[in-house]
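Numbering (this note's numbering), first residue to last: 26 to 188.
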């Protein structure tokens, strides 16, 4: 019985983690931006048939951005709870530093993506793919438009709930 109880608690932790991740995706504009960008990067990785090491670098970068965005959201929520909406210099510093950590990781993630994708050969592969499959270019364009709409409408519903 002891093992069964521990296993239940263990798997319940995944439920809580999933709820936190879904909260971030549902309510945080930047997380929605990162999710859409990750989809585009993974699509390019498939088109370019990147190596295993390059795939690992991309996955680590994407996972790091997602994780830091979740931590940033947790810090912002905790600070808001403690300050009850009042401005405080230290609260601002905590929030700004958490956001800065995400920004630093994102900058290096962009550098990783550039190292993987920005070669003449890879750009030609990508352009050739869309030239040979014009419907893919249309579908990608539709995805980008829907992604932008999704990003821009991120917190409208949740802000109404929180009030």
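Virtual Cβ for every residue (Gly too), placed ideally from N, Cα, C.
Item, Value
"Spatially closest choice to residue 125 from 81, 97, 31, 170, by CA coordinates", "97"
"Residue 52 - containing alpha helix (DSSP H), residue span", "27-52"
"Nearest-angstrom beta carbon gap, residue 73 and residue 150 [assumed within contact, 8 Å]", "5 Å"
"Given 8 Å, three or more beta-carbon pairs between the segment 26-44 and the segment 153-169", "no"
"Reference residue 94, options 168, 143, 52, closest by Cα", "52"
"Cβ separation of residue 59 and residue 91, assumed to be a contact under 8 Å, to the nearest whole Å", "6 Å"
"Exposed unless 16 or more other CB atoms sit within 10 angstroms - verdict on residue 111", "exposed"
"Span of the alpha helix (DSSP H), counted from its first residue to its last, around residue 178", "Where residue 178 is concerned, there is no enclosing alpha helix (DSSP H), given that its DSSP letter is neither H nor E."
"Below-7 Å beta-carbon distance, residue 97 vs any chain C residue", "No chain C appears in this structure, which consists of one protein chain only."
"Segments assigned alpha helix (DSSP H), at least 4 residues, entirely inside the segment 122-150", "none"
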